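Here the structure is laid out as structure tokens; the discussion comes afterwards.
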Amino acid sequence: MPKKIALITGISGQDGAYLAKFLIKKNYQVIGLERRSARSTNWRLEKLNIADKVIIEDVDIKEINNLIRLFSKYKISEIYNLAAQSFVQSSFYNPIETAQVNAIGVLNILEIIRNQNRKIKLYQASTSEMFGKHDKSYQNEKTLFHPRSPYASAKAFAHYTVQNYRESFGLHAVSGILFNHESPLRGEEFITRKITLGLAKIFLNKKKTLKVGNIYARRDWGFAEDYVEAMWMMLQAKKPDDYVIATGKSYSVKQFINECVRSLNLKTKWVGKGLNEKLINIKSKKILISIDKRFFRPSEVDNLKGDYSKAKRILKWKPKTSFSKLVKMMIDSDLKFVKKLYQ
Ligand code: NAP
Ligand code: F7E
């Protein structure tokens, strides 16, 4: 039997790489879309030893004509639309580019499916950021959206458009409302990786102090490799529907830092308040972490904690990796990475 073909937009990103690895194991032929760039963006695929097992096509999802050509070239069964300007902070400074990729990009794909082949299944990468300013202790599929950034507004447009095409044209199109998920392959600008990489450098005497923003924001952090499995499960379900994927536990950025410090066996204490709050190494008296208002956002999402009971009930999905295991995995990986960097 010929292999099923899966198309992954955003294959060079964290989730794209893990999903490609997962689908290859499931015997799919994976086609990955990448924007042309002067630098190599394949480091994640190389790290997972799958760079030679995927076909890469040079397509920007803003360009509908290139997408149309691609859909004529391959007999695609499943599309995973992961391409996005995914950094919330940056969306405040690049709102139009963010909307073009995160909102219109998916509309381009939906239009092609609607016109060319309605049997193609679509997974859309929705996000817990859409809940934004909410008043619920847990957020689930029924919680109202209140986006707090151009990133979240664009993703909400995409989410509702996928729902509308499902209802209007009978497409098998679903959105996974994924809460934050991290890994050693996370981009260095996101807070978890910024902390693990920064503290690994400090621990190995390659950096003095790490500057961060709002350490009281709380997130529900899971492991990316657990979450890409849920994307595939959603597309295999009989009935197309949207699902929250989360761990059901929430920690502050400060708690994430404390867990890293524990993992590194450092003796530290927090001193000061507000912008003057600092993490000090008790032995050396050095400042390890300080606060910098440049990293605060014009409007913040204070607290996220997901209720994934629908995914557990219908898809039989649940998270496998604990918070402390995730932190340890990221710290250990960055210690190795930094040692190699300065060899
Ligand atoms: P990521 O590491 O930032 O990857 C994003 C990918 O999108 C990269 O491969 C990037 O390519 C690509 N891309 C950006 N603009 C593009 C364009 N115009 N055309 C084609 N490709 C483009 O993000 P991630 O963490 O893997 O997240 C995957 C998806 O899930 C994103 O849609 C994100 O918004 C969503 N999401 C993520 C989380 C999370 O916690 N990670 C949670 C909920 C939802 P370049 O390499 O060229 O930049
Ligand atoms: O911020 C706070 C920041 O940039 C988390 C994306 O994958 O998950 C991600 O979006 C929190 C925020 O992720 C710094 O203010 C403090 O409250 O790691 P982040 P995010 O904004 O939650 C969602 C689900 C997505 O969909 C997105 O694509 O940490 N924070 N100090 C900081 N954040 C950063 N980046 N840098 C700081 O120095």
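Heads up: the sequence shown at position 106 corresponds to 105 in numbering that gives the first Met the number 0, and the numbers run straight through without jumps.
Even for Gly, the Cβ is constructed at its ideal location relative to N, Cα and C.
In this text, all values refer to a predicted model and were calculated from it rather than measured experimentally.
DSSP bridge partner residues for residue i (one or two, in chain order)
i, result
"K218", "The identity of residue 218 in the sequence shown is Arg, whereas the question assumes Lys. BP columns for R218 point to Y250."
"F268", "The amino acid at residue 268 is misidentified as Phe; the sequence shows Lys. Per DSSP, I279."
"G175", "A124, Y242"
"L32", "T8, E56"
"G305", "Q138"
CB-CB length for residue i against residue j, believed under 8 Å
i, j, result
"A151", "A124", "Contact flag wrong, Cβ pair sits at about 13 Å."
"I190", "V173", "About 28 Å; that fails the 8 Å criterion."
"Q13", "S182", "6 Å"
"I194", "I256", "6 Å"
"Y242", "K309", "6 Å"
"L203", "K338", "7 Å"
"G305", "S136", "At roughly 11 Å, the Cβ-Cβ gap does not stay under 8 Å, so G305 and S136 are not in contact."
"P149", "A98", "7 Å"
"K52", "I4", "No, K52 and I4 are not in contact; Cβ-Cβ is about 14 Å, not under 8 Å."
"Q88", "R296", "6 Å"
"T267", "I281", "6 Å"
"L274", "K292", "6 Å"
"L143", "H133", "7 Å"
"P239", "R165", "6 Å"
"N93", "K154", "Incorrect: roughly 15 Å between the Cβ atoms, too far for contact."
"F322", "E258", "7 Å"
Contact set for residue i: own chain, Cβ-Cβ below 6 Å, skip 5 residues either direction
i, result
"G131", "H145, P146, R147, A151, V300"
"G221", "H180, T246, P318"
"I63", "N107"
"L209", "G197, I288"
"E139", "The amino acid at residue 139 is misidentified as Glu; the sequence shows Asn. Once the five neighbours on either side are set aside, the close Cβ partners of N139 are V243, D306."
"T320", "F222, D225"
"K206", "K200"
"S249", "R217, D219, K304"
"I251", "Correcting the residue type first, residue 251 is Ser in the shown sequence and not Ile. Closer than 6 Å at the Cβ level, and outside the excluded window around S251, lie Y215, R217."
"F70", "I111, Q115"
"D333", "T195, L196, A199"
"W269", "L278"
Alpha helix (DSSP H) segment containing residue i, residue limits
i, result
"V105", "104 to 115"
"D331", "322 to 340"
"Q13", "13 to 24"
"Q99", "Counting along the chain, Q99 falls outside any alpha helix (DSSP H), and DSSP gives it neither H nor E."
"Y27", "It is not in any alpha helix (DSSP H) - Y27 carries neither H nor E in the DSSP assignment."
"L234", "223 to 235"
Residue interval of the beta strand (DSSP E) (run including residue i)
i, result
"A37", "From DSSP, A37 is part of no beta strand (DSSP E); its letter is neither H nor E."
"I119", "Per DSSP, I119 belongs to no beta strand (DSSP E) and is neither H nor E."
"I288", "286 to 290"
Proximal residues to residue i (C-beta, below 8 Å), its chain only, five neighbours per side dropped
i, result
"I108", "T8, I60, L66, I78, N80, L121"
"I103", "K61"
"A223", "Q13, D14, Y17, H180, E181, S182, L184, R185"
"A50", "N41, L44"
"F91", "S148, P149, R296, P297"
"I54", "Q28, V29, I30, G31"
"L314", "A229, M232, M233, A236, Y242"
"F294", "Q88, K210, V211, G212, N213"
"I23", "V29, I49, K52, V53"
Residue i: CB within 6 Å of a non-hydrogen atom of the ligand SAM
i, result
"A124", "In the structure on display, the ligand SAM does not appear, and the ligands it does have are the ligand NAP and the ligand F7E."
Same chain, Cβ closer than 7 Å to residue i, five either side skipped, listed in chain order
i, result
"S11", "E33, T40, N41, R43"
"V227", "D14, Y17, L18, F21"
"M328", "P183"
"R117", "F168, G169, L170"
"L263", "L198, F202, I330"
"K311", "K317"
"R35", "D57"
"E188", "F86"
Quiz prompt | 3-residue-minimum beta strand (DSSP E) runs that sit fully inside the segment 61 to 96, ordered along the chain | solution = 77 to 80
Practice problem: Could you pull out every unbroken beta strand (DSSP E) segment of at least 3 residues lying fully inside the segment 132 to 218, listed in chain order? | Solution: 172 to 177, 209 to 211
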